[in-house]
Amino acid sequence: MNEKKGRFGDFGGQYVPETVMNAVNELDAAYEKYKNDPDFITELKRYYRDYAGRPSMLYYAEKMSSDLGGAKIYLKREDLNHTGSHKINNVLGQILLAKRMGKTRVIAETGAGQHGVATATVCALFGMECQIYMGAEDIERQSLNVYRMELLGASVISVSEGTSTLKDAINAAMRDWAENISTTFYCIGSVMGPHPYPAMVRDFQKIISEEIRAQLIEKEGRLPDCIVACVGGGSNAMGAFYDFIGDESVRLVGAEAAGLGVESGKHAATAAKGTMGIFHGMKSLFLQNEFGQIDPVYSISAGLDYPGIGPEHAMLHQKERAEYVPVTDEEAVSAFEYLSRVEGVIPAIESAHAVAAALKIAPKMGKDQIMVINLSGRGDKDVYSIARYRGKNVVNS
Amino acid sequence: MNRIEKTLGELKAKGEKALITFVTAGDPDLEITEKLVLEMFEKGSDIVEIGVPFSDPVAEGKVIQEASLRSLAHGTNLTEIFGIVENLRQKTDKPILLMMYVNTIFRFGTERFFKLCRENGVDGVIVPDLPFEERDEIRSFADDNGVIPISLVAPTSHQRIENIASDARGFLYCVSSTGVTGTRSNFSTDFDEFFDEIKKSCKVPAMVGFGISNPDQAAKMGSYCDGVIVGSAIVDIVGTLGRDSVEKVGEFVRSLKEALK
Chain A
1 MNEKKGRFGD FGGQYVPETV MNAVNELDAA YEKYKNDPDF ITELKRYYRD YAGRPSMLYY
61 AEKMSSDLGG AKIYLKREDL NHTGSHKINN VLGQILLAKR MGKTRVIAET GAGQHGVATA
121 TVCALFGMEC QIYMGAEDIE RQSLNVYRME LLGASVISVS EGTSTLKDAI NAAMRDWAEN
181 ISTTFYCIGS VMGPHPYPAM VRDFQKIISE EIRAQLIEKE GRLPDCIVAC VGGGSNAMGA
241 FYDFIGDESV RLVGAEAAGL GVESGKHAAT AAKGTMGIFH GMKSLFLQNE FGQIDPVYSI
301 SAGLDYPGIG PEHAMLHQKE RAEYVPVTDE EAVSAFEYLS RVEGVIPAIE SAHAVAAALK
361 IAPKMGKDQI MVINLSGRGD KDVYSIARYR GKNVVNS
Chain B
1 MNRIEKTLGE LKAKGEKALI TFVTAGDPDL EITEKLVLEM FEKGSDIVEI GVPFSDPVAE
61 GKVIQEASLR SLAHGTNLTE IFGIVENLRQ KTDKPILLMM YVNTIFRFGT ERFFKLCREN
121 GVDGVIVPDL PFEERDEIRS FADDNGVIPI SLVAPTSHQR IENIASDARG FLYCVSSTGV
181 TGTRSNFSTD FDEFFDEIKK SCKVPAMVGF GISNPDQAAK MGSYCDGVIV GSAIVDIVGT
241 LGRDSVEKVG EFVRSLKEAL K
């Protein structure tokens, strides 16, 4: 792996317009400078603990385990972090870096709104100007998170071009960055984009797998047999997998959004149906047509509704170190309801994709085996749209 | 000798500034694109860039984004675009470039793409999302087929200008300002400083583009370097007038060329 050029095997790189190339290099240099800087690490750890509420709990889902009759299932409770998802881990890291780089303005894209909320939150904390780009369709699907971002002092910019979802929000954020490069820090929310983002975001998220290792060794005296996480761009999955990549006994499973089914043409299952391409600054796998036009994608989950995956996931997929399984809308919604009823935990619809994959895998595992589901976010934001999916109207209008 | 080098060499010998103009292929349709290219050459363009529409053109402003989506909506593809270049080569010997995103080349097959460039008469490519550091992605394939990949520098390139400019072939595309393509009423870049830096190491003609929307701007910007590139202002006319845009685009190109004299 040539980390210097940001390569993960055949994937990664820095495919961005010349106007932003210097900013990408500047970020790379700053990250290299601070990632091992004791003051930076101490400050980040302090915010992880005192502000985000880390370490997140590793909870033994006893009822679910006995109901499924297979592996012993643990939930890594990233949903209990401040702002309700794993996104805060990355945002705290990036904004602390932005501060050291002297940037005064932060932009970000968001799909489900979780990264936008985390970014708006940390910008409020550090007194930075914050603008969030969000697809018009996602604004509709996630209106609660839009209001949360505004409450936190951010402005939310509706992006109505293209498919009006996450991909288009990233396009708009990249254009803004190119225009306002000297003042602005682009806080990318996933393990994607040009180098150094995929490696940097992974580094800020790898605390998830480091904690899982320590917590499980404390509780069970051993490593897990299987880790399951949902994959859009793939930041929570990368965080949950990373520390275990070298442990061949640990099976790594990413749950992709299969929407109405991988053969329906309405899905976001990049590992299943994607081909190699170069987009959003990286060489990776993308859903695209034979002429390289990026396909419109679909998922009930705004956070997984993206036509690519991060380059390190593409490498893990190619090397068959991790497996990526498709989960349909219906399976995810059923898992959303299942976890709510069985464990009293309402997962984000994104995380419900991981739960759905676990529901299939866990019963086939032995009772002496251990599975960890990375519960990347909480589901409060999704209650309205799930009700609507089930044909119920829960809002007075 | 590549047509780009030949044409720019002739202009230099005459002491003239170059005019490079752009249209998005397939907007409103490929037949009109072909007519627009010929009309622009007729009225004074020295080089024409044909924009290959991409679903997610991150370096483009609204005007070219919308033209790209209009074109893609009726299915324009790269094979057809090679077809119109082949037709154009029956009628003109002036340099034709394709402006396109790297994924279009990569997905088509880089080797196959450059072979078709040579066979159909494409002289160069401008790939806005392929920076200097990633040039090896296409370089050897382009070289093998005599196609020039045009390098870009921006006001934000700073210390990278020297490496990029000294390596440039054909011409150097100098991005006038931060941000994306599209017309601008004013520029905040210090052009004296920007072009001083470029001229220290650039061995090929330097052309300025991004935001030039009228003859006055073309004259002013042209004074700093060897020529100007005009895109969005033309695409805007085509977007407004559609199939009736050819004559108006011709008049506009003529006015730009006059201003550069």
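One line per chain: the protein sequences are A and B, in this order.
The working numbering applies: residue 1 is where the first sequence begins, and numbers increase by one.
The working numbering applies: residue 1 is where the second sequence begins, and numbers increase by one.
All C-beta atoms, glycine included, are put in the ideal place defined by N, C-alpha and C.
Is residue i close to chain B, meaning its C-beta is less than 8 Å from at least one C-beta of that chain?
{"i": "A:R175", "result": "yes"}
{"i": "A:F291", "result": "yes"}
{"i": "A:F407", "result": "For residue 407 of chain A there is no data in the structure shown, the boundaries of chain A being 1 and 397."}
{"i": "A:A178", "result": "yes"}
{"i": "A:I294", "result": "yes"}
{"i": "A:K167", "result": "yes"}
{"i": "A:I217", "result": "no"}
{"i": "A:I181", "result": "yes"}
{"i": "A:G310", "result": "no"}
{"i": "A:M1", "result": "For A:M1, the predicted structure reports a pLDDT of 40, less than 50, and the residue's modelled location is therefore unreliable. The matter cannot be settled from this model."}
When you compare the CB of residue i with every CB in chain A, is at least one pair closer than 8 Å?
{"i": "B:D192", "result": "no"}
{"i": "B:R160", "result": "yes"}
{"i": "B:L152", "result": "yes"}
{"i": "B:S55", "result": "yes"}
{"i": "B:V23", "result": "no"}
{"i": "B:V235", "result": "no"}
{"i": "B:P128", "result": "yes"}
{"i": "B:V175", "result": "yes"}
{"i": "B:L172", "result": "no"}
{"i": "B:D72", "result": "It should be pointed out that residue 72 of chain B corresponds to Leu in this sequence rather than to Asp. Chain A contact via Cβ: present."}
Against residue i, what residues of chain B qualify as contacts under a CB-to-CB distance less than 9 Å, listed in chain order?
{"i": "A:N89", "result": "Within 9 Å Cβ-Cβ: nothing; A:N89 doesn't reach chain B, min ~27 Å."}
{"i": "A:G162", "result": "S55, D56, Q65, L69"}
If you check the beta carbons only, do residue i and residue j fall under 8 Å apart?
{"i": "A:T165", "j": "A:E137", "result": "yes"}
{"i": "B:F132", "j": "B:R160", "result": "yes"}
{"i": "A:A302", "j": "A:A112", "result": "yes"}
{"i": "B:D123", "j": "B:V147", "result": "yes"}
{"i": "B:A259", "j": "B:A218", "result": "yes"}
{"i": "B:G211", "j": "B:T183", "result": "yes"}
{"i": "B:G121", "j": "B:I81", "result": "no"}
{"i": "B:T181", "j": "B:E49", "result": "no"}
{"i": "A:H86", "j": "A:S235", "result": "yes"}
{"i": "A:A124", "j": "A:C187", "result": "no"}
{"i": "B:E34", "j": "B:I84", "result": "yes"}
{"i": "A:Y15", "j": "A:P198", "result": "no"}
{"i": "A:V156", "j": "A:G135", "result": "no"}
Counting only Cβ pairs nearer than 8 Å, list the residues of chain A close to residue i.
{"i": "B:E133", "result": "K5, Q14, M21"}
List the residues that DSSP assigns as beta-bridge partners of residue i.
{"i": "A:C230", "result": "A:A255"}
{"i": "A:S85", "result": "A:G377"}
{"i": "A:K283", "result": "A:G12, A:I278"}
{"i": "B:T21", "result": "B:V48, B:V230"}
{"i": "B:L172", "result": "B:S151, B:A206"}
{"i": "A:Y324", "result": "A:G254"}
{"i": "B:V125", "result": "B:L98, B:P149"}
{"i": "A:M371", "result": "A:I73, A:C226"}
{"i": "A:T184", "result": "A:R105"}
Going along chain B in order, which residues have a C-beta closer than 8 Å to the C-beta of residue i?
{"i": "A:Q369", "result": "Within chain B, no residue comes near A:Q369; the closest Cβ sits about 41 Å away, beyond 8 Å."}
{"i": "A:Q288", "result": "N103, R107"}
{"i": "A:I188", "result": "The contacting residues do not exist; A:I188 stays about 13 Å from chain B at best."}
Whose Cβ in chain B lies nearer than 7 Å to the Cβ of residue i?
{"i": "A:N171", "result": "D56, V58"}
So which residues on chain A does residue i lean against when the C-beta distance must stay under 9 Å?
{"i": "B:I106", "result": "The amino acid occupying residue 106 of chain B in the given sequence is Phe; Ile does not appear at that position. By Cβ distance, chain A contributes M276, G277, I278, K283, G292."}
{"i": "B:S157", "result": "E18, T19, M21, N22"}
{"i": "B:L78", "result": "F291, G292"}
List, in chain order, every chain A residue whose beta-carbon is nearer than 7 Å to that of residue i.
{"i": "B:Q178", "result": "It is worth fixing the name first, because residue 178 of chain B is Thr in this sequence and not Gln. Ordered by position in chain A, the residues that pass the 7 Å Cβ test against B:T178 are T19, A178, E179, I181."}
{"i": "B:L116", "result": "None at all; the shortest Cβ gap to chain A is about 13 Å."}
* Counting pairs of beta carbons, one from the stretch 308-318 of chain A and one from the stretch 221-228 of chain A, are three or more of them closer than 8 Å? -> No: the two stretches stay apart, fewer than three of their Cβ pairs being nearer than 8 Å.
* Asked: Counting pairs of Cβ atoms below 8 Å between the stretch 98-116 of chain B and the stretch 274-292 of chain A, do you hit three or more?
  -> yes
* Asked: Per the contact definition of three or more C-beta pairs closer than 8 Å, is the stretch 333-348 of chain A in contact with the stretch 263-275 of chain A?
  -> no
* Would you say the stretch 90-98 of chain B touches the stretch 204-214 of chain A, given that touching needs at least three Cβ pairs under 8 Å? -> no
* Counting Cβ pairs, one atom from each stretch, are 3 or more of them under 8 Å apart for the stretch 97-104 of chain A and the stretch 27-46 of chain A? -> yes
* Asked: Three or more beta-carbon pairs under 8 Å between the stretch 363-374 of chain A and the stretch 11-29 of chain B, yes or no?
  -> no
* Is the stretch 321-339 of chain A in contact with the stretch 135-151 of chain B, if contact means three or more CB pairs nearer than 8 Å? -> no
* Hey, is the stretch 151-159 of chain A in contact with the stretch 70-82 of chain A, meaning 3+ C-beta pairs nearer than 8 Å? -> Remark: fewer than three beta-carbon pairs, one from each stretch, lie closer than 8 Å, so the stretch 151-159 of chain A and the stretch 70-82 of chain A are not flagged as touching.
* With a cut-off of 8 Å, do at least 3 Cβ pairs link the stretch 294-309 of chain A to the stretch 112-120 of chain B? -> no
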